[in-house]
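Numbering (the working numbering), first residue to last: 52 to 633. First comes the structure, then the notes that go with it.
Here you go:
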């Protein structure tokens, strides 16, 4: 049947129904459902998976020019019993339905919208307008939290990716709700999950000081100070006081709005842990690792990062890092002065990084007896330092450092950068072509299991071969069969960290409290946990790394009880009687 004929028949039908006052009672609900379905289909078709354009105005125009005229044609004819005011009310109802439908579509897509921020900013601005006109905030919170839990907060997603999504969610929620209440509610599960990951702080600090552009590095360049105090007035609040708006009625009155309203992402990340010191300590460890693993480290770049971090965390927090960078400059200057001493001579070029030990994080503590040629050069360097510095001397960390070696072989030449333990191994094989594992272990003072793993590096280059169990021989020319076997050995050496593990560092830091605790208990006989913690806060918690929670102190003291160095009775800790007598 032709369209014109169908349309004419439709018009005649609704005119007759209008004339009989039966249009609304008979087909009103059907027409409403038809219009709602049409709106839903049009919204889905218009804005499906497209976030980089604003569609709200376009949809409003479509409603005004297509749906409303059709309604007016039906309900406002000369036979209609429905007045224009009723049609206008229905028009407002349809507009609200349009906002609600569009908002629900965008809420279902919100996780993808956040990930694509800032390209998805138009979609967020549309959603913000819809949220102001609808009551869908609770739906948004529930659906977004569920999306984050299923798509983000699980072991399959790396910590850097979670942080990237978290930063994008902060910026997106600021667009949707400048009060920060939505952000606080939606990101709470992310906060809890980030706290459960051991590498979160390291990933944050690494991102802050990366050369490649990223959200956190850009945030660092902005240079705003970190505010952990919720009652402090931010600079942004002070400048925009005329635009101040009260918190929504559902906001928790016990929480200050300053943190919620802050757009400072770094401050929000710090507030997850509630302490600047944790981030400063991690930066200090990363800086130490870079300085000790790269003797040609760009100190100017590191100083620039340090100045930016000082704007964020304060001068006093980063004083130790300043000393570390000064040590690098001083070491280069001392090397130049030592080289000018007439009595100093070099069998090979040597540079030493001279550290002010109390300002550096704990270093790995491993035993290594270096090759006599290296030891001789170290002694000459120490003698030159003593001649320059008078009463001061050097305590060498033999296992740390980088050695550039050139190995000449009949069939090839190798230029490598290796660790002291690797160069000591190959120098011993230069002196003696065959070594038993236990014998070399005694000479180098390295456990056999570790030594075997380190020797795998030279096996991968075909320089050493295990000819018998635990017997290794130097191979100067590679045969095809040996080369093939060597290529199957996984290379063990990577750029190893010079720093002690975080667990070892923390154990050493907690051990510094032990002398304070024993002194307290010798003078006061017995003390409860809370009193010990209070006294430590007064006398022992000094420096950038010294901080201990009540729970952490409890674990430390309980470990001392298990080691029989403390006695716990009636809620009080005290020293064993034998310790008190001595």
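Note that CB positions come from ideal geometry on N, CA and C, so glycine has one too. Just so you know, these numbers come straight off a predicted model, no measurement behind them.
Output the distance between the C-alpha atoms of residue 213 and residue 561, rounded to the nearest integer angstrom. Translated into positions along the chain shown, residue 213 becomes position 162. Translated into positions along the chain shown, residue 561 becomes position 510. Straight-line Cα distance between these residues: approximately 31 Å.
With distances taken Cα to Cα, identify the nearest neighbour of residue 652 among 450, 83, 389 and 519. The first residue shown for the chain is 52 and the last is 633, placing residue 652 beyond what the model contains.
Reduced DSSP secondary structure (H/G/I, E/B, other) of residue 676: For the chain, the structure presents residues 52 to 633; residue 676 sits outside this window and is missing.
In its own chain, which residues sit with a C-beta less than 8 Å from the C-beta of residue 533, not counting the 5 before and 5 after it? By 1-based counting over the chain shown, the position of residue 533 is 482. Residue placement at residue 533 cannot be trusted, given a pLDDT of 44 that sits under 50; the coordinates are not used to answer.
Here's the rule I'm using: 16 or more other beta-carbon atoms within 10 Å means buried, otherwise exposed. How should residue 627 be labelled? In the chain shown, the residue the question calls residue 627 occupies position 576. With fewer than 16 other Cβ atoms from the protein chains shown falling within 10 Å of its own Cβ, residue 627 counts as exposed.
Please classify residue 98 as buried or exposed, where buried requires at least 16 neighbouring CB atoms within 10 angstroms. Taking the first residue of the chain shown as 1, we reach residue 98 at position 47. Flag for residue 98 reads buried.
C-alpha distance - residue 403 paired with residue 447, whole-angstrom precision: Residue numbering aside, residue 403 sits at position 352 when the chain shown is read from its first letter. Residue numbering aside, residue 447 sits at position 396 when the chain shown is read from its first letter. Approximately 9 Å, taken between the alpha carbons.
Spatial distance of residue 82 from residue 148 (CA atoms): For the purposes of this step, residue 82 is taken as residue 31 along the chain shown, with counting starting at 1. For the purposes of this step, residue 148 is taken as residue 97 along the chain shown, with counting starting at 1. A straight line joining the alpha-carbon of residue 82 with that of residue 148 spans about 15 Å.
Residue ranges of each alpha helix (DSSP H) run of no fewer than 4 residues wholly in the stretch 179-251, ordered along the chain? Secondary structure remark: continuous alpha helix (DSSP H) runs of at least 4 residues inside the stretch 179-251, in chain order: 188-202, 210-227, 232-237 and 239-247.
If I'm right that residue 369 touches residue 331 with Cβ under 8 Å, what's the distance once you round it to whole angstroms? Taking the first residue of the chain shown as position 1, residue 369 is located at position 318. Taking the first residue of the chain shown as position 1, residue 331 is located at position 280. Cβ-Cβ separation between residue 369 and residue 331: approximately 6 Å, consistent with a contact (criterion under 8 Å).
Between the beta-carbon of residue 234 and the beta-carbon of residue 225, is there less than 8 Å? Counting from 1 along the chain shown, the entry for residue 234 is found at position 183. Counting from 1 along the chain shown, the entry for residue 225 is found at position 174. The answer is yes: Cβ separation under 8 Å.
How many Å lie between residue 436 and residue 613 at the Cα? Walking along the chain shown from the start, residue 436 turns up at place 385. Walking along the chain shown from the start, residue 613 turns up at place 562. Approximately 46 Å, taken between the alpha carbons.
Evaluate contact between the stretch 461-469 and the stretch 419-428, counting only Cβ atoms and requiring at least three cross-stretch pairs below 8 Å. The answer is no - the stretch 419-428 does not touch the stretch 461-469, with fewer than three Cβ pairs under 8 Å.
What does DSSP give as the partner residues of residue 466 in its beta bridges? Here residue 466 corresponds to residue number 415 of the chain shown, with the count starting at 1. Answer by DSSP bridge pairing, in chain order: 457.
In angstroms with no decimal places, state the Cα-to-Cα distance between residue 192 and residue 230. As a position in the chain shown, residue 192 is number 141, starting the count at 1. As a position in the chain shown, residue 230 is number 179, starting the count at 1. Residue 192 and residue 230: Cα-Cα distance of roughly 15 Å.
Go ahead and label residue 343 buried or exposed: buried means 16 or more other beta carbons lie within 10 angstroms of its beta carbon, across all protein chains shown. To locate residue 343, count along the chain shown from 1; it is residue 292. It counts as buried.
Measure the Cβ-Cβ separation of residue 337 and residue 252 and say whether it is below 8 Å. If you number the chain shown from 1, residue 337 lands on position 286. If you number the chain shown from 1, residue 252 lands on position 201. One thing to note: residue 337 has its Cβ no nearer than 8 Å to the Cβ of residue 252.
Taking just the CA atoms, how far does residue 376 sit from residue 350? Taking the chain shown and counting its residues from 1, one reaches residue 350 at position 299. Taking the chain shown and counting its residues from 1, one reaches residue 376 at position 325. Approximately 7 Å, taken between the alpha carbons.
Alpha carbon to alpha carbon, how far is residue 142 from residue 119? Indexing the chain shown from 1 puts residue 142 at position 91. Indexing the chain shown from 1 puts residue 119 at position 68. One C-alpha to the other measures close to 7 Å.
Taking the straight line between their C-alpha atoms, what separation do you get for residue 241 and residue 216? What you label residue 241 is simply residue 190 of the chain shown in a count that begins at 1. What you label residue 216 is simply residue 165 of the chain shown in a count that begins at 1. Using only the alpha carbons, I get a separation of about 10 Å.
For residue 452, is the classification buried or exposed, using 16 other Cβ atoms within 10 angstroms of its Cβ as the cut-off for buried? Counted from its first residue, the chain shown places residue 452 at position 401. Under this definition residue 452 is a buried residue.
Please classify residue 348: does DSSP put it in a helix, a strand, or coil? Along the chain shown, read from residue 1 onward, the residue named residue 348 stands at position 297. Three-state DSSP puts residue 348 in coil, outside helix and strand.
Could you spell out where the beta strand (DSSP E) holding residue 486 opens and where it closes? Indexing the chain shown from 1 puts residue 486 at position 435. 485-487 is the extent of the beta strand (DSSP E) around residue 486.
According to DSSP, what are the bridge partners of residue 523? Counting from 1 along the chain shown, the entry for residue 523 is found at position 472. DSSP output for residue 523 lists 486 and 517 as bridge partner(s).
Exposure label - residue 518; buried when at least 16 CB within 10 Å: By 1-based counting over the chain shown, the position of residue 518 is 467. Flag for residue 518 reads exposed.
Compute the beta-carbon to beta-carbon distance between residue 636 and residue 445, rounded to the nearest angstrom, for a pair I have assumed lies under 8 Å. Residue 636 cannot be examined here, being either before or after the span of the chain that is shown, 52 to 633.
Where does residue 395 sit, in a helix, a strand or coil, going by DSSP? Here residue 395 refers to the residue found at position 344 of the chain shown. Three-state DSSP puts residue 395 in coil, outside helix and strand.
Cut-off 7 Å between Cβ atoms - residues of its own chain near residue 645, not counting five sequence neighbours on either side: The shown model of the chain, from 52 to 633, leaves out residue 645, and the question about it has no answer.
Euclidean distance between Cα positions of residue 506 and residue 354: Position 455 of the chain shown holds residue 506. Position 303 of the chain shown holds residue 354. Distance between the alpha carbons of residue 506 and residue 354: 38 Å.
Give a yes or no on whether the C-beta atoms belonging to residue 611 and residue 572 are separated by under 8 Å. Your numbering for residue 611 matches position 560 in the chain shown. Your numbering for residue 572 matches position 521 in the chain shown. For residue 611 and residue 572, no; Cβs fall outside 8 Å.
Taking residue 190 and residue 245 to be in contact with their CB atoms under 8 Å, please state how far apart those CB atoms are, rounded to whole angstroms. Locating residue 190 in the chain shown gives position 139, counting from the first residue. Locating residue 245 in the chain shown gives position 194, counting from the first residue. Under the criterion of beta carbons closer than 8 Å, residue 190 and residue 245 do not qualify as touching, at roughly 25 Å.
Anticipated Cβ contact below 8 Å, residue 373 with residue 357, distance rounded: Translated into positions along the chain shown, residue 373 becomes position 322. Translated into positions along the chain shown, residue 357 becomes position 306. Confirmed, about 7 Å.
Residue 621 versus residue 583: straight-line alpha-carbon distance, rounded: Against the chain shown, residue 621 aligns to sequence position 570. Against the chain shown, residue 583 aligns to sequence position 532. C-alpha separation (whole angstroms): 15 Å.
Nearest-angstrom Cα distance between residue 250 and residue 238? As a first step, residue 250 is located in the chain shown; it is residue number 199 there, counting from the start. As a first step, residue 238 is located in the chain shown; it is residue number 187 there, counting from the start. Each residue's Cα considered, the two are about 19 Å apart.
Which stretch, first to last residue, makes up the alpha helix (DSSP H) that contains residue 322? The sequence position of residue 322 within the chain shown is 271, counting from 1. Start and end: 316-324.
Which whole-angstrom value describes the C-beta separation of residue 420 and residue 478, a residue pair presumed to lie in contact below a C-beta threshold of 8 Å? Translated into positions along the chain shown, residue 420 becomes position 369. Translated into positions along the chain shown, residue 478 becomes position 427. With a Cβ gap of about 12 Å, residue 420 and residue 478 do not count as contacting.
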